[in-house]
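A.B. asks: Chains as they are written, first to last, in the UniProt record's numbering: chain A, 1 to 499; chain B, 1 to 516. Even for Gly, the Cβ is constructed at its ideal location relative to N, Cα and C. As the structure is a computational prediction, the values presented were derived from the model and not from experiment.
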Amino acid sequence: MALSTAEVETDESVHSTFASRYVRTTLPRFKMAEHSIPKEAAYQIINDELMLDGNPRLNLASFVTTWMEPECDKLIMSSINKNYVDMDEYPVTTELQNRCVNMIARLFNAPLGDSEAAMGVGTVGSSEAIMLAGLAFKRKWQNKRRAAGLPTDSPNIVTGANVQVCWEKFARYFEVELKEVKLREGYYVMDPAKAVEMVDENTICVAAILGSTLNGEFEDVKTLNDLLAEKNKETGWDTPIHVDAASGGFIAPFLYPELEWDFRLPLVKSINVSGHKYGLVYAGIGWVIWRNKEDLPDELIFHINYLGADQPTFTLNFSKGSSQVIAQYYQLIRLGLEGYRHVMENCMENMRVLKEGLEKTGRIEIVSKDVGVPLVAFSLKDNSSHDEFEIADLLRRYGWIVPAYTMPADAQHVTVLRVVIREDFSRTLAERLVNDIQKVLHDLDMLPSKMKAKMEMAGEDADRTLFGSKKTEMETQREVTTLWKKFVMERKNKSSGVC
Amino acid sequence: MVLSKMSSQSDVSVHSTFASRYVRESLPRYRMPETSIPKDAAFQIINDELMLDGRPRLNLASFVTTWMEPECDKLIMDSLNKNYVDMDEYPVTTELQNRCVNMIAHLFNAPLGDSEAAVGVGTVGSSEAIMLAGLAFKRKWQNKRKALGLPTDNPNIVTGANVQVCWEKFARYFEVELKEVKLTEGYYVMDPEKAVEMVDENTICVAAILGSTLNGEFEDVKKLNDLLTEKNRATGWDTPIHVDAASGGFIAPFLWPDLEWDFRLPLVKSINVSGHKYGLVYAGVGWAIWRSKDDLPDELIFHINYLGADQPTFTLNFSKGSSQIIAQYYQLIRLGHEGYRNVMENCHENAMFLKEGLEKTGRFEIVSKEIGVPLVAFSLKDNSQHDEFQIAEMLRTYGWIVPAYTMPADAQHITVLRVVIREDFSRTLAERLVLDVSKVLHELDTLPVRLHGKVAVVEGESAAAEAVIAGEGRSGAVNGTFLKKTEIETQREIMIYWKNFVANKKKLKNNKNTIC
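1) Let me know the alpha helix (DSSP H) ranges lying completely inside the stretch 174-225 of chain B, each 4 residues or longer, listed in chain order.
2) Going by beta carbon distance, what residues of the same chain come within less than 6 Å of Ala245/B, once the five residues before and after it are set aside?
3) What does a CB cutoff of less than 7 Å around Ala41/B pick up in its chain, not counting 5 residues either side in sequence?
4) Are the beta-carbon atoms belonging to Ser379/B and Ile414/B less than 8 Å from one another?
5) Mapping DSSP to helix, strand and coil, what is His442/A?
6) Could you give the distance in angstroms between the alpha-carbon of Arg341/B and the alpha-carbon of Tyr330/B?
7) Find the residues of chain A that neighbour Tyr398/B, judging by a C-beta separation of less than 8 Å, and give them in chain order.
8) Specify the secondary structure class of Trp287/A as computed by DSSP and reduced to three states.
9) Is Thr65/A closer than 8 Å to Lys277/A when the C-beta atoms are compared?
10) Once the 5 residues before and after Leu75/B are set aside, which same chain residues still bring their CB inside 7 Å of it?
11) Would Met198/B count as contacting chain A if we go by Cβ distances under 8 Å?
12) Would you mind sorting Ser323/B into buried or exposed? The rule is 16 or more other CB atoms within 10 Å of its CB.
13) Please name the residue, chosen from His276/B, Val199/B and Glu168/B, that lies closest to Leu300/A on a Cα-to-Cα basis.
14) I'd like to know if residue 547/A contacts chain B, where contact means its C-beta is closer than 8 Å to some C-beta of that chain.
15) Could you check which residue in Ile46/A, Tyr43/A and Gly54/A has the C-alpha nearest to that of Arg396/A?
16) Candidates Ala147/B, Ile204/B and Phe250/B: which alpha carbon is nearest Gly336/B's?
17) Check whether the Cβ atoms of Ile289/B and Val64/B sit closer than 8 Å, and answer yes or no.
18) Kindly give me the distance between the Cβ atoms of Asp424/B and Trp67/B, rounded to whole angstroms, as I take these residues to be in contact under 8 Å.
19) Closer than 8 Å, CB to CB, is Ser16/B near chain A or not?
20) Taking DSSP's pairing of strands, which residues face residue 564/B in a bridge?
21) In this structure, how does DSSP classify Ile45/B when only helix, strand and coil are distinguished?
22) Scan the stretch 331-354 of chain B for residues whose Cβ lies nearer than 7 Å to a Cβ of chain A and list them as they occur along the chain.
23) Using alpha carbons as the reference points, say which of Asn202/A, Ala133/A and Lys194/A lies closest to Gln142/A.
24) Strictly under 8 Å for the Cβ-Cβ distance: is Glu433/B near chain A by that measure?
25) Give a yes or no on whether the minimum CB-CB distance between Phe43/B and chain A is below 8 Å.
26) Could you compute how far the alpha carbon of Lys140/A sits from the alpha carbon of Arg31/B?
27) Please report the distance separating the alpha-carbon of Leu60/A from that of Glu177/B.
28) Taking Cβ positions only, does Thr35/B come closer than 8 Å to chain A?
29) Taking buried to mean at least 16 other C-beta atoms within 10 Å of its own C-beta, is Tyr187/A buried or exposed?
30) If you follow the beta strand (DSSP E) that Val92/B is in, where does it begin and where does it stop?
31) Can you check whether the CB of Val124/B is closer than 8 Å to the CB of residue 524/B?
32) Does Ile414/B have its Cβ less than 8 Å from a Cβ in chain A?
33) So what's Asn215/A in DSSP terms, helix, strand or just coil?
34) What residues of chain A sit near Phe218/B, judged by a beta carbon separation below 8 Å?
35) Alpha carbon to alpha carbon, what distance is there between Thr446/B and Gln390/B?
36) Hey, which unbroken runs of the beta strand (DSSP E) at 3 residues or more fall wholly within the stretch 369-451 of chain B?
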């Protein structure tokens, strides 16, 4: 093949990679180089640069799975060259997807007969799943309105302000208005009563979250269902519910099987879940399940004759890898209900260990609830001298990536740190983290002058902050923090292109 | 961890997998099983069932890459657990994406300064890339119309009927009308003149394809640009062009660098290309490149504070693996211009060889052109006795997957077989394929009875049909010309009936599966 020509041309291939000239030249960044380089050099150069990325398993910011069994890795590698969408060429892979859909639908108590095929599809993640579900709602609503001779130009969707960004994307890209129920201090999820109040004739659905990104809390879908059922009875609008169970979908059925949040509630018409979060698969897979055929308008499904056979398709993406679908099936049969239950129980235990360790320091207030996604969201009881962003920064030095962020409207003054407990976060690591956080708090206590220096930088009067009222000090602190954050962000932004 | 409990509970783990009870039980299909099973059993069971899938490298239907160097496989494995979207946690991976965007933008001659950052993004495939590009056009057009106080409720897009399904998806999901330029027999791409004729004030863009799915042909983007420029001057509508270079984007710059199809043409505002086709990466990566910042409305870009840092994002997907992006960067620096050129030249060579081999049989008409994606699309000169679908079925028994399909409107009566030449389709395989195709033709020639048998089942009405059933229609024609014509018409009807029968059988098979 072509590549063998390069080897004959030069004796470079004889040199060990680090002895060759390839590690002396600058890697191309803007334009492709004219010549090829040996594959070992290409591998080594890229591998080395990637050493400077964060360690995925120490990335406590992410819900997304970072470890799988070697047997599964093997299956993943062998299917990496299979294009999932070629249903005719890879019928077994397609069948595995169907089995996953059926299993997950029944996990969510979809009203199905024993061998009735469920309605659902595998996606690249919850973003795609949510867009598909939203599209289905929008189209159903449009059809209903047109049949009644009513206008269809102003669809809206009701959610909490705590929604993940993909809902905002859906709203913006598919031209649906987003009506957000604002949060408030101490209540960081969507209030069902307020949500139902906001519903009007143009509402295509109400979206509830099972496992809020911010603090892992499960929204009360049952109350929402009951209140909305009442309103529907009065108005006749028939507004449905969608549950964004991206995180919670693989937790609630195992830890809280009595909690009614899924298809057991009649108004819930579709659910999405991320296979790559607590579905325990690497990044790149999500699932969307519909209650039944009627909830997915047929006109959205394409039947195509792409590579010689009829293929029904309702996804945004077309070609993609098959590995994650196969990995999801592996996990479902490998673990079974028992295995998933054990994993989730372990996560909750470790979460408790971390939570108690943090509470013992006396300096920390826990913001997350006990029932929800296994994570610990916490703030400093007193962030006047040092704030949560500093803690996050110092933890990085110990190797941990723990994000700090502000709550959305109307609780923007609250900053939290969040540690997500994944399957591979063992008790040992939890204990180590508590240790390191204590060290960080200690380190910060030794640095009172740091904040003062920043305040001078921000042009504030040092005397005033030392002797002024606590309230003013808080305001100043906040401004300084914001300035400092902005400074850091700008530096970061300069190195990235768009997206 | 929890899984160690299983090992001590039972002695089943001592058995070798095929000695254990796990291979005796039926695998769950509809419900999750109650208990766990050992990981070796899980691996073996799934691995074995997957043996019945087609072999990716013999799947000659697909453009998507099926082979990469082991060094790259290693990089892919190591980055499987990196969620690409965590830009703050994985800055190097993010940087690699940016480098790819820049390199590809320069490959497409984007008008950029030496160290000016290109505007573009990595996607999961060309479908996502096209939806993003379409969204950008739609929003720009809406803004322009709103500024003029004109209605924005009827956007449309002009393409050829040969477009890949993702354009139809974009149109349907994003509520844009699709105005398709119909094909004609012998002309299987979008006619630039007809396209420009269809453009009106509601057209958000005209989409040209570089590398039509059907026969690999490159559309004449330059002509489209020139004609559209004239029309824009006359109307003042400023209609832009998008080039769907899903296949062709990594071929044209290396084999035909003088062909003007990219940003060298002023009306081309965005281009998409599949990294997983001739970008030589496994399935799961595409690229959308815009000419300049102005072509991507800022209001579509989200700045979010997701895991503690500001992340600008303009994609439909959020979390996804990082492996393919890293693999794309690997290929770009590993091969360079020289390497890609060599690969494409090899593919082209092998395509020409296959074409000649097929022509030599004397039974095929080549439908694909020499300039285009390296593939060979061919039909039978005479498909009265046996048709292309039969050839496809018989080739399967030799191990090859070669699809047969009908052209879209208005050339639905044309059926083609298509072999895509990928990087890993060597000359040896090409020779073998020619050999096997000849064998298949030979076998089919010895099977005249099959079709007639079906005739008896299907058509009993017309006299011509009866003559055929009697076995006389073909050889001793009573009224040669007249009978022959009717015979052919009948044959075609029968063939269509039979095709539908097979297609329905397949549909029934498909309906057993859940949607998608």
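C.D. replies: Once the coordinates are examined:
1) 192-198
2) Leu210, Ile271 and Val273
3) Thr17, Ser20 and Tyr22
4) yes
5) helix
6) 16 Å
7) Correct list: empty, because the minimum Cβ distance to chain A is about 15 Å.
8) strand
9) yes
10) Ile326, Ala327 and Tyr330
11) no
12) buried
13) Glu168/B
14) Absent from the model: residue 547/A. The displayed extent of chain A is 1 to 499, so no value can be given.
15) Gly54/A
16) Phe250/B
17) no
18) 4 Å
19) no
20) Within the shown structure, residues of chain B are numbered from 1 to 516, placing residue 564/B beyond reach of any answer.
21) helix
22) Leu332, Ile333, Arg334, Leu335, Gly336, His337, Glu338, Gly339, Asn342, Val343 and Asn346
23) Asn202/A
24) Before going further, note that residue 433/B is Leu rather than Glu in the sequence given. Cβ-Cβ to chain A under 8 Å: no for Leu433/B.
25) yes
26) 29 Å
27) 45 Å
28) yes
29) exposed
30) From DSSP, Val92/B is part of no beta strand (DSSP E) but of the alpha helix (DSSP H) over Pro91 to Leu107.
31) Chain B is shown from 1 up to 516; residue 524/B falls before or after that span and cannot be answered.
32) no
33) coil
34) Those do not exist, as Phe218/B stays about 20 Å from chain A at its closest Cβ, beyond 8 Å.
35) 13 Å
36) 375-380, 404-406 and 415-420
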